[in-house]
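For reference, the structure is listed below as structure tokens.
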């Protein structure tokens, strides 16, 4: 066991854990983080990929939650313009759903509650004339169009971890915390890192284990608490492209729920999400056939061409670890975060719930909660600090793509655009003076070259083909099983996974 003592050690490598680690390390604190699998391998890579205020939460009078999220949208757009961008949402009006006047009032509040500056305001669409009406049923004549934002969710998590490491944090992946005990005014934490045994000490322990937060409390740390989580499963289906424009749809259901239909990875449409209680099973959640049918039928009530089961190319599901507030339904359970500080000895901060949109504010709130335990921590700083690769204007993506094409004229336009949308200004570092496409090494499929794979393994904690194809990128949708196997074999031959100690 090292004599070094961490100020904060975080359990969990999802968006909240990595956000807290980044915030704390940027304040000059000694920070460590352990994730038992890959970064963003659970809830944080299974979202609907939106920075949004949560329009439907206005119905439940969650004004503070919505306002905080609306303000954060534009903060985040400025700090990560490569992996997030504005998106317009088309909300068709249906006579059997919420009345138009009520929706318009809600959208007026939504437009003004968060002090919107970058994003355009709501407008009314004539679906008989607008392109957004073409894929919809002819009975739909009118819609409202409003603003929210898209985000590459798992890249958001990884870039927070990358920045935390750059600021001095120790990031351990494939590292499971097996025990944590109070020893005087410190925590002693035991970790199994892929068969390597580690023991560390820390002044403050942060339990940001997402769906496993209660399991950590009750079984790993073994403290006496009644606090628990409500596990709510959100499932999505990805289908063949349903429309040609770049806007998304917000559909209302007769069951008072809503779903989105969103352009996805060029060739597809993402549809979700559901709200189903998961029970106590924290394992790998799956979209059930019933949920897939529900989403198909829900969207087919709006699209002129019904979605068939064979149109589904992929499904995924995530578990939201909501604070158990006794709500009567999964839909009504609070999406707000709860920070619980246990000071019966060395401090323990447990993180319940939260939304991807408010992860940065959650991290600030966590540091404020720990201010008396860590009096030397610096001030809030992340509001004006771009994530790696995001140091360019929020509306500068096209200029950056054009510059990359000028500097590397051999790049196909689609590849140049994807590299900027994935790595921002770091795309030039990844290319590292290449003069021809061949200099990037073999293409494993969909424009994923050896140079990019090496970057992901050396700089972004990637180890397996799954890490690369489903979290660092979403290129897995474009890969055959044979191509995935080829990439996995190449990684094994290169011995890159064994470098994880070096790169973490």
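Numbering (my numbering), first residue to last: 13 to 516. Note that the Cβ used here is the ideal one computed from N, Cα and C, for glycine as well. These numbers were taken from a predicted model, which means no experiment stands behind them.
Length of the line joining the Cα atoms of residue 375 and residue 82
17 Å
Straight-line Cα distance separating residue 280 from residue 322
14 Å
Return helix, strand or coil for residue 139, following the three-state DSSP convention.
coil
Give the DSSP-derived three-state secondary structure of residue 507 in the structure shown.
coil
Using beta-carbon positions only, say whether residue 217 and residue 47 come within less than 8 Å of one another.
no
Can you tell me which of the three DSSP states residue 261 falls into?
strand
Run of the beta strand (DSSP E) containing residue 212, from where it starts to where it stops
208-219
Where do the N-terminal and C-terminal ends of the beta strand (DSSP E) with residue 464 fall, by residue?
For residue 464, there is no enclosing beta strand (DSSP E); the enclosing alpha helix (DSSP H) has its first and last residue at 462-471.
Let me know the beta strand (DSSP E) ranges lying completely inside the region 86-128, each 3 residues or longer, listed in chain order.
96-104
Beta-carbon within less than 8 Å of residue 391's beta-carbon, same chain only, minus the 5 sequence neighbours each way: which residues are those?
39
What is the rounded straight-line gap between the Cα of residue 393 and the Cα of residue 154?
For residue 393 and residue 154, the distance between alpha carbons rounds to 44 Å.
Considering only the alpha carbon of each residue, which of 467, 189, 18, 27 lies closest to residue 232?
189
Give the single residue among 214, 208, 187 whose Cα lies nearest to the Cα of residue 200.
214
Every unbroken alpha helix (DSSP H) inside the region 410-448 [4 residues or more]:
425-435, 439-443
Closest by C-alpha distance to residue 313, when choosing among 355, 435, 462, 151:
151
The alpha helix (DSSP H) with residue 373 in it runs from where to where?
371-381
Check for me: the beta strand (DSSP E) holding residue 450 runs from which residue to which?
No beta strand (DSSP E) contains residue 450, which DSSP labels as neither H nor E.
Contact with chain C by residue 212, beta-carbon distance below 8 Å
The chain labelled as chain C is not found in the depicted structure, where only one protein chain is given.
Quick check: the Cα distance between residue 239 and residue 191, rounded to an integer number of angstroms?
A straight line joining the alpha-carbon of residue 239 with that of residue 191 spans about 19 Å.
CA-CA distance, residue 406 and residue 415?
Straight-line Cα distance between these residues: approximately 16 Å.
Excluding the 5 residues flanking residue 43 on each side, which residues of the same chain have their C-beta closer than 6 Å to its C-beta?
Apart from sequence neighbours up to five positions away, the residues of its chain that approach residue 43 with a beta-carbon distance below 6 Å are 20, 33, 36, 37, 181, ordered along the chain.
Around the Cβ of residue 396, are there at least 16 other Cβ atoms within 10 angstroms (buried) or fewer (exposed)?
exposed
For a quick check, are the C-beta atoms of residue 220 and residue 23 less than 8 Å apart?
yes
I'd like the span of the beta strand (DSSP E) that includes residue 133, first residue to last.
From DSSP, residue 133 is part of no beta strand (DSSP E); its letter is neither H nor E.
Mind the definition here: the region 125-139 touches the region 436-447 only if three or more C-beta pairs lie below 8 Å; say whether that holds.
no
Whole-angstrom C-beta distance between residue 101 and residue 85, which should lie under 8 Å:
Their Cβ separation, rounded to whole angstroms, is 13 Å, which puts residue 85 and residue 101 out of contact at 8 Å.
May I have a chain-ordered list of the beta strand (DSSP E) segments no shorter than 3 residues that lie completely inside the region 264-289?
270-276, 280-284
Three-way DSSP call (helix, strand, coil) for residue 14 in this model
Here residue 14 scores only 49 on pLDDT, less than 50, and its place in the model is too uncertain to base an answer on.
Between the alpha carbons of residue 302 and residue 58, how many angstroms are there, rounded?
18 Å
State the beta-bridge partners of residue 199 as determined by DSSP.
For residue 199, which the question treats as bridged, DSSP gives the partners 194, 214.
Cα-Cα separation, residue 114 to residue 247
Rounded to the nearest whole angstrom, the CA to CA distance from residue 114 to residue 247 is 28 Å.
Taking only three categories from DSSP, how would you classify residue 326?
strand
Could you pull out every residue in the same chain whose Cβ sits closer than 6 Å to the Cβ of residue 330, ignoring the five residues on either side in sequence?
55, 58, 246
For residue 264, which of 311, 366, 299, 295 has the nearest alpha-carbon?
Of the listed residues, the one whose Cα sits closest to residue 264 is 311.
Short Cβ contact (8 Å threshold) for residue 496 with residue 481:
yes
Taking the straight line between their C-alpha atoms, what separation do you get for residue 284 and residue 386?
41 Å
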